[in-house]
Every structure is written in C-alpha cells, then in structure tokens.
Ligand code: MV4
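Residue numbers (our numbering): 831 to 1332.
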C-alpha cells in the first residue's frame, strides 16, 4: 500500500492525479516552478514544494530535484503524469534506485518501446501487424534507396529514437531518397542525439486509432477499448472520442487482442496505449505510449473504470480484479482539448491572465482543468488549459451534448480553441465520422477569421446581452442600469443560448 504520492507534473493532469490520490487515501505531494506557486495543482495537493524557475529544464524536468523532494517529503511513490519525464527510462530507473515506486511500467519496458525499431521487432515477434517496412536502421543513402525501392513509394523515413513526428520525411521517388535520408539523420541527431533512421511504407490518409491497455505486476493484461484520435494538428490532438466511429465489431476485437498481445510481449505494467494506423479495414502497429495519456477520460467514461486509480492500485502491487469479459463499452464519449492558442492565427500561443472561467456542468459533462480565474497562462508550458469531456448514449447525442457544453463554457483573458471546437461539432464530415489524420488541412474553413460584418454583429449582440444580464443581476430597469460590474450571458464561443437578431 502506497501512503504518499509525489506528482511530478503540473496543470490538469497533476490536478487529476492529486484527486485520485486523495480518493485512495494517499497523501498528495505537489511540486511547482516559480510561476506555478499558486497554480491549481499546488492548491489542491496536501503539500507542495518549489523545484526551480519557470523553464521546464530547470524545474519539471529536473529528475534529481524531484527525487530529492520525494525523499525529503517522505513520498513513497512518484507519478510522472504525461510529457516531461513520463517516458524517460532513466528517470524511472533513478526513482527505483532511490528506493521509491515509479507509477508506470519498468524502465526496461519504457526503453524498449522508446526505440521505434526495437518496438517494431518486438511487436512483429508477438504477431502484431506492423506498418510494412524495416525493423533495423539504415546506415547509408545507398541502403536507404535500395530498401525504399523494394518497399515501393511513397516511403516515410523515421527517426529510430523518435515519436511525435520529429525527424520524419516523406519520399515520393527514388531520386529523392539520398537528400531526405541525410536531412532525416540531421534532424534526428538534433532532436534526439541519435541519428538512426529507418523507413516504412507511407500511408497517405490513415486514421489514428489507439487501444488503452492496463496490466498488473502479476502478468494480467486487459484492454479498455479504442479511441479515435485522428483530429489533430501538427501531432497535437484536438479531439478524441471513444469508441471510434468506423471500427466494426470484428476490427475492434482484433485490434484489442493485438494490443493485449503487444502489452504481454513487453510485460506491461500499469496503463499504456498501443497506437495503430487504420485504413480500409486494415490496422498496423505504430507506437506504444508507456504512460497515462491526455485522452484517458473518454475511455473512463465508456468503461466506467478509473484509470488513474488503477495505476495507483497496480503500483501498490494489487492484481486486476476483473477480466476482459468484464470490460463493457457503453455509449459514446468525446473530449475537446481546450488550448490557449488562437485558431484564427494558425494556432499561435496566447498568454495572459484568465479573467473569467465558468465550466459547464450537467449529466455526462466533465471538466478536467488545470487553470483558474486569476491564474496567468505563461509561454513556458504546454498550452492545454483543460479538457471538456462528454458522455451520452450515442455519438449524435454526445455531439449535441458537447455543443451545448462548449456554448456554456466561458473562458476569457486568453485566446482559446473553444470556437474552433464548436465549429467542428457542426461540421458535416465530423458529424458523419468521415475523416482521417488530415481532417484539419482538408477543412480550412474551421479556422477562418470571421469577416468584419459578422464580428460587428457579434459585438452588438454581446453588448445587448451584457446589458440584459446586468439588468437581471441588479433587478434594475433599462433606464436605471449604470453598466458597471456587468455580468452577462455572453459566451466566448460566440454561440449564446439565445439567438438575437440585430
Ligand atoms: C506514419 C504515417 C503514415 N505512414 N507512418 C506521426 C508521428 C509518429 N508518431 C508517427 N506518425 C505517422 N506515421 C506511416 N508509415 C503518418 C503519421 C502521422 C500521424 C500519425 C498519427 C497521428 C497523426 C499523424 C499526423 C501526421 C502524420
């Protein structure tokens, strides 16, 4: 039994983990950088310790400081969350070497899955379908060219140490392999300190579908169904749902079984994700993520399981007390990642103080947030402000529920993706479930700036609602209202519940 947990993270995921620890009866210990002194994750934890200045490299990425704080505070375990040190085998090893429990898989598993060619070898051995291509790095342009010709164009050069899209190069023809190989090597070296690259057949418009797995320290592994994660921009996912709208029952079962095989092949412990590319009924192993993922809530809502709680139980040595046959998928869940980026400027980061935050409530509506009113969103960290997640009996009902919830979300002080997300909920291809990983590039209208006439109309409606809300609050007449301290029904998304026609 773990009695005290250090959460080596910040933002919404640190809040999520602190709450899970509290429900398990564990003492929660937060860490914070200078600008995070009064951040929500700090205020919700039982204790909190400073670990350095704003820059991640000097705070949340300092393995030595985190372990020092864990020891000084009497923490028995460390949960890394996602990002930062979550998939650094050396950090997991250092935690274990310090006599602490790492909430996650073993350092060996993390290292094996971090090496993309080794991961492909292990998966192929376990009978999991991998994207056609090599399972060893290519070391010269000649070798790369020969392999590409044999595989057939287009091919994709990838960094062995990669993931997340860095060091990737699509090659369309034999004449371009040499240049692309050299560029991919350089980029891989700069990004990962390792210039090994290999190649795969390039799938042009696949979907990204992943399976959540959960293993314990006693050899039991179950999968918790699939998530559709195709809607992304530059490898940042923006909308996830469970289950995928396109998988047949047979494909879902086959993918789930493959994921369990994959996890068993690496003695997987804790929560993990097997990513697949899916196209025309075929699926191929892409990568394994050896951590809790941002989008875990959609799986929690359709399975009724608390994944973070299970991470803590597994880390405490508890066996899973249910089998695959006990896992049922109910209804449909959708998550919108609300980021402090401005879609109308190509998703440029937006920073500033959150001046208002009102989050929607109601049946099947969940907000996993990491910011609060008065908190300053700084440029130092990930732009994720919080996740709006809904659950309903059907996908259509979930889309309606998400639309309603986005309308009710008030978030001011920074630019955000709320309006963009609201537009996607109305977009016919999204509603039809008809999209691939290229959805956003194929729908530029979703990020277009409103023209000045509609902006003016929106401003007029906002002003009218502002005044009306103020009158309601102060029970004043139209004549006596003085306009100060006005509270309104205006919504940042631009979709007020009441349709006003100017
Ligand atoms: C691919 C692919 C097409 N064909 N591999 C992107 C990041 C890294 N995790 C792997 N990625 C891809 N690998 C082959 N053989 C397309 C992508 C890809 C992608 C994958 C999942 C989600 C979003 C993506 C966006 C662009 C490219």
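A virtual CB, placed ideally from N, CA and C, is assigned to each residue, including glycine. For clarity, every value in this text was computed on a predicted model and none was experimentally measured.
Query, Result
"Between residue 1046 and residue 1150, is the Cβ-Cβ spacing less than 8 Å?", "yes"
"Contact check, residue 882 vs residue 892 under 8 Å by CB: the rounded distance?", "6 Å"
"Taking only heavy atoms of the ligand MV4 into account, decide whether any of them is closer than 7 Å to the Cβ of residue 1065.", "yes"
"If you count every other CB in all the chains shown that lies within 10 Å of the CB of residue 1327, and 16 or more means buried, which is it?", "Note that residue 1327 has pLDDT 49, beneath the 50 cutoff, so the model's placement of it is unreliable and the number below is only indicative. With fewer than 16 other Cβ atoms within 10 Å, it is exposed."
"With DSSP run on the structure shown, which of helix, strand or coil describes residue 885?", "coil"
"Let me know the secondary structure DSSP gives residue 1117 once reduced to three states.", "strand"
"Can residue 1146 and residue 831 be called in contact, C-beta distance under 8 Å?", "yes"
"If you follow the beta strand (DSSP E) that residue 1188 is in, where does it begin and where does it stop?", "1186-1188"
"Let me know the secondary structure DSSP gives residue 1299 once reduced to three states.", "helix"
"Taking buried to mean at least 16 other C-beta atoms within 10 Å of its own C-beta, is residue 1034 buried or exposed?", "exposed"
"Taking residue 855 as the reference, give the member of 835, 1237, 1196, 1116 with the closest Cα.", "835"
"Quick one: what's got a C-beta closer than 6 Å to residue 1093's C-beta in the same chain, skipping five residues either side?", "1043, 1045, 1051"
"Tell me the start and end of each unbroken beta strand (DSSP E) in the region 953-1015 that is at least 3 residues and wholly inside, in chain order.", "985-989, 999-1001"
"Can you grab the Cα-Cα spacing for the pair residue 950 / residue 1213, in whole Å?", "31 Å"
"Where does residue 1193 sit, in a helix, a strand or coil, going by DSSP?", "coil"
"Residue 1039 and residue 1058 - do their beta-carbons sit closer together than 8 Å?", "yes"
"Locate the beta strand (DSSP E) running through residue 1169, then write down its first and last residues.", "1162-1169"
"Residue 863: which of 890, 857, 847 sits nearest, CA to CA?", "890"
"Would you grab the beta carbon distance between residue 1216 and residue 1199 for me? Rounded to a whole angstrom, and I think it's under 8 Å.", "3 Å"
"With a threshold of 7 Å (Cβ to nearest heavy atom), would residue 1098 be considered close to the ligand MV4?", "no"
"Buried or exposed for residue 1152, please, with buried defined as at least 16 other CB atoms from any protein chain shown within 10 angstroms of its CB.", "exposed"
"Relative to the alpha-carbon of residue 1169, which residue among 1184, 1101, 1133, 1246 has its alpha-carbon at the smallest distance?", "1246"
"Does DSSP classify residue 840 as helix, strand or coil?", "coil"
"What do you get for residue 1309, buried or exposed, if any count of 16 or more other CB atoms within 10 angstroms of its CB means buried?", "Any reading at residue 1309 must be qualified, since the residue scores a pLDDT of 46, below 50, and its modelled position is unreliable; the value itself is stated next. By the neighbour-count rule (16 or more Cβ atoms within 10 Å), residue 1309 is not buried but exposed."
"Give the straight-line distance between the Cα atoms of residue 1281 and residue 1258, rounded to the nearest whole angstrom.", "22 Å"
"Please report the distance separating the alpha-carbon of residue 930 from that of residue 1186.", "40 Å"
"Taking all protein chains shown into account, decide if residue 1077 is buried (16 or more other Cβ within 10 angstroms of its Cβ) or exposed.", "buried"
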